[in-house]
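Novice:
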Amino acid sequence: MSRPTGRPSAAAPAPRAATPATALRAPAPGWAIEADVVVVGSGVAGLTVALRCAAAGARVTVVTKARLDDGSTRWAQGGIAAALGEGDTPEQHLDDTLVAGAGLCDERAVRTLVTEGPDAVRRLIATGARFDADDDTGEILLTREGGHHRRRIAHAGGDATGAEISRALVEAVRAAGIDTVENALVLDLLKDGAGRTAGVTLHVMGEGRRDGVGAVRAGAVVLATGGMGQIFSATTNPAVSTGDGVALALRAGAEVSDLEFVQFHPTVLWLGPEAEGQQPLVSEAVRGEGAHLVDADGVRFMRGQHELAELAPRDIVAKGIMRRMRERGAEHMYLDARHFGAEMWERRFPTILAACRTHGIDPVTEPIPVAPAAHYASGGVRTDLRGRTTVPGLYACGEVACTGVHGANRLASNSLLEGLVFAERIAEDITEGIAAGAEPAGAAERTEGPDERTGPSDPHATDTPGALGSPAGAPLLASEARYEIQHIMTHGAGVLRSAESLARAADRLDRVHDDAAAQLRRDGKTAEPGVETWEATNLHLVARVLVAAALRREETRGCHWREDRPERDDAVWRRHLLVTLRPDGALDVRSTDSEAFPPPTTPRAETESRP
């Protein structure tokens, strides 16, 4: 089989990093490895791509920010949705998804998800994932969650579905001998002289065979970096979810979409008004099994607000909880599942039971205090149905991507399925090119001869103005800016938003950047390159995009709740917002013509002289 090597030829121009004016400041790469495909992230999306590409003969390197089994997937409690049960059909799953998406789902993407989903789950089982099954028949046990009219959620270990999927995929990756780089933060995309993907730069945290800043050269890069929940003070996301993939894609020139639609999970364990960081999730499956949302007087306030009451789509339940909290002047509501009894709690929800008891709450004998917290980004890096972004050779999959499946509000348990289905499609797209003896679709073309814009052909060269290791470019933010950004976003762009709160958030975010830029101009100094400053800088960029889109969308739709614009406006706003980052750091925001995404167009390679 003929395969692309990912190696620059002697006459080829050196790869360069991102858009020079916006690239993260970092030392020059001190080492490099070669691959056909580099996958960034180790959740269900990233590991599925890696396994499928490796099985087709591609050289794959998986880069992950923590340990291989520490991806966001392992935190998923509820399960994975697919039409696997008797009487259920992909068409019914499609209908429920479209309703939850509040008019902004791309129906082609949803149809792809629900029709390919059942077989994708069966292949996951063949890989080694073990779902809970009936002891007598062996049939997979299915449950319901919010927005689903049928039982179609497969789960494992009661409420440890993500952990089981992660276990199976990690074991398969290790058995396949796939090259992995753990504890590594990816910094920026590398491009060749034609503006096509040529790999990534990354920083490995800790001593070992690979340490410090290096590079992985590859003609195809797959972003599977998970979410960005850490832009808010309270979230269900792990500490590593700092929007790194979205920020990298923006700096590389890719389009992002729908970032204003951040889903706040309705039932997160309330730990007090000062609680920050990752908060324990109380899965929607608890309500699927019959738990009730009540106020301090025991009143089931979701009755009458939606035909499905507590099992309404998440945006409706989150809004219902927030309204009741405001009416009662309360900081939280309650989830009452005392009627489950100890045996059901211990068998069906052992993880949640343990988390609650760790914090002094026993769900067997008392209601659980809950409040909404940032949970899932419905938007992200815009892709087509094969995971391709607007940058040739760059793919995105899972929560970092915006395929059009989720619209304005993700249907419960569609996230694991989306990662699985579109990961397989990405792998197919990449390996088709390999099988044909060509580089991955959209991958870097090796140009002959020198290129004045990208410098000499030394693979470690970084003397391009503004590239990694050079003094030009945007400032890094100090590590403490992370907490300021989280405070700004929580109070200005949280569950409840308005033109006033968003404008205030935008102004404060601008000041965070302007203060750092002023110091750079005045003293020639910026924050020291390092994991914490890179993360803070990434969070700031993602927060700017979210606020800009939320300000532009003057309506309430799905999980975007504008207090000053409380009605949904299909005539004007049944369309997506696309955002790109200009070389000068400004944001370019435009809208699509309808709820369907236009095909991603590959921008022409830049030809002007670089500043």
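Those letters in the sequence shown? Residues 18 to 628, per my numbering, in order. For each residue, glycine too, the CB sits at the ideal point set by N, CA and C. If you're wondering where the values come from, they're calculated on a predicted model, not measured in any experiment.
Determine, using beta carbons only, whether residue 368 and residue 177 come nearer to each other than 7 Å.
Specialist: Taking 7 Å as the Cβ cut-off, residue 368 and residue 177 qualify as a contacting pair.
Novice: Ignoring anything shorter than 4 residues, give me the alpha helix (DSSP H) runs that lie fully in the segment 173-223, in order along the chain.
Specialist: Whole alpha helix (DSSP H) segments, 4+ residues: 178-193.
Novice: What's the C-alpha gap between residue 450 and residue 431?
Specialist: Each residue's alpha carbon lies about 29 Å from the other.
Novice: In whole angstroms, what is the alpha-carbon distance linking residue 273 and residue 610?
Specialist: Their backbone Cα atoms lie some 16 Å apart in a straight line.
Novice: Is the Cβ-Cβ distance between residue 397 and residue 372 less than 7 Å?
Specialist: No; because the gap between Cβ atoms is not below 7 Å, this pair is not in contact.
Novice: May I have the straight-line CA-CA distance separating residue 613 from residue 535, to the nearest angstrom?
Specialist: Between residue 613 and residue 535, the C-alpha separation is close to 42 Å.
Novice: Give the range of the beta strand (DSSP E) segment to which residue 239 is assigned.
Specialist: Residue 239 -> beta strand (DSSP E) spans 237-240.
Novice: Nearest-angstrom Cα distance between residue 561 and residue 359?
Specialist: Those two C-alpha atoms are separated by around 46 Å.
Novice: So what does DSSP say about residue 385, is it helix, strand or coil?
Specialist: Correct three-state label for residue 385: strand.
Novice: Just to confirm before moving on: does the CB-CB distance between residue 389 and residue 512 stay below 7 Å?
Specialist: Yes, Cβ-Cβ distance for residue 389 and residue 512 is below 7 Å.
Novice: Name, in chain order, the residues that DSSP records as bridge partners for residue 157.
Specialist: Residue 157 pairs with 150.
Novice: Around the C-beta of residue 126, are 16 or more other C-beta atoms found within 10 angstroms, so that it is buried, or is it exposed?
Specialist: So residue 126 ends up on the buried side.
Novice: Expressed to the nearest angstrom, what Euclidean distance is found between the alpha-carbon atoms of residue 249 and residue 325?
Specialist: Between residue 249 and residue 325, the C-alpha separation is close to 29 Å.
Novice: Considering only residues of the same chain and omitting the five flanking positions on each side of residue 597, which have a CB-CB separation below 6 Å?
Specialist: Same-chain partners within the cutoff: 272, 605.
Novice: Terminal residues of the continuous beta strand (DSSP E) containing residue 536?
Specialist: Note, residue 536: premise wrong, no beta strand (DSSP E); alpha helix (DSSP H) at 516-540.
Novice: Taking the alpha helix (DSSP H) that residue 262 falls in, what are its first and last residues?
Specialist: Run containing residue 262: 261-268, per the alpha helix (DSSP H) assignment.
Novice: Could you have a look at residue 477 and say whether DSSP puts it in helix, strand or coil?
Specialist: At residue 477, the pLDDT of 32 sits below 50, so the modelled position is not reliable and the matter cannot be decided from this model.
Novice: So, with DSSP's three-state summary, where would you put residue 557?
Specialist: The answer is helix: DSSP assigns residue 557 an H, G or I state.
Novice: Grab the span of the alpha helix (DSSP H) containing residue 116 for me, first residue to last.
Specialist: Here the alpha helix (DSSP H) through residue 116 covers 107-117.
Novice: Determine, using beta carbons only, whether residue 493 and residue 42 come nearer to each other than 7 Å.
Specialist: Cβ atoms of residue 493 and residue 42: closer than 7 Å.
Novice: Measuring alpha carbon to alpha carbon, tell me which of 448, 563, 120, 218 ends up nearest residue 585.
Specialist: The shortest Cα separation from residue 585 among 448, 563, 120, 218 belongs to 120.
Novice: Less than 7 Å between the beta carbons of residue 47 and residue 229, yes or no?
Specialist: The answer is yes: Cβ separation under 7 Å.
Novice: Tell me, which residues are paired with residue 393 by DSSP?
Specialist: Its beta-bridge partners are 280.
Novice: Can you give me the C-alpha to C-alpha distance between residue 568 and residue 192, rounded to a whole angstrom?
Specialist: Going by the C-alpha atoms only, they are around 48 Å apart.
Novice: Per DSSP, residue 271 is paired with what?
Specialist: Looking at the DSSP assignment, residue 271 forms no beta bridge with any residue, so it has no partner.
Novice: On the DSSP letters alone, give me the boundaries of the beta strand (DSSP E) that residue 301 sits inside.
Specialist: Careful: residue 301 lies outside any beta strand (DSSP E), inside the alpha helix (DSSP H) at 301-305.
Novice: Go through the segment 40-96 residue by residue and report every complete run of the alpha helix (DSSP H) that reaches 4 residues or more, in order.
Specialist: Taking only runs of at least 4 residues, the alpha helix (DSSP H) segments lying wholly in the segment 40-96 are 61-72.
Novice: Between which residues of its own chain and residue 393 is the CB-CB distance below 6 Å, once the five residues before and five after are set aside?
Specialist: Answer for residue 393: 280, 427, listed in chain order.
Novice: Indicate the three-state DSSP secondary structure (helix, strand or coil) for residue 432 in the structure shown.
Specialist: DSSP places residue 432 in helix when its eight states are reduced to three.
Novice: Which residues in the same chain have their Cβ closer than 8 Å to the Cβ of residue 617, if we skip the five residues on either side of it in sequence?
Specialist: Closer than 8 Å at Cβ, skipping near neighbours: 272, 399, 400, 401, 405, 406, 407.
Novice: Which of the three DSSP states, helix, strand or coil, is assigned to residue 471?
Specialist: Reliability fails at residue 471, whose pLDDT of 29 lies under 50, so the model's placement of it is uncertain and the value that follows must be treated cautiously. DSSP places residue 471 in coil when its eight states are reduced to three.
Novice: Tell me where the alpha helix (DSSP H) around residue 298 begins and ends.
Specialist: Residue 298 -> no alpha helix (DSSP H), and no H or E assigned at all.
Novice: Just mark residue 289 as buried or exposed, buried being the case when its beta carbon has 16 or more other beta carbons within 10 Å.
Specialist: Per the 10 Å Cβ criterion, exposed.
Novice: With burial defined as no fewer than 16 other Cβ atoms inside 10 Å of the residue's Cβ, what is the status of residue 471: buried or exposed?
Specialist: Note that residue 471 scores 29 on pLDDT, short of 50, meaning its location in the model is unreliable and no value can be drawn from it.
Novice: Please work out which residues of its chain come closer than 6 Å, Cβ to Cβ, to residue 61, disregarding the five sequence neighbours upstream and downstream, and give them in chain order.
Specialist: The answer, listed in chain order, is 90, 182, 433, 436, 437.
Novice: Could you give the first and the last residue of the continuous alpha helix (DSSP H) run that contains residue 331?
Specialist: 331-345 is the span of the alpha helix (DSSP H), which, as asked, contains residue 331.
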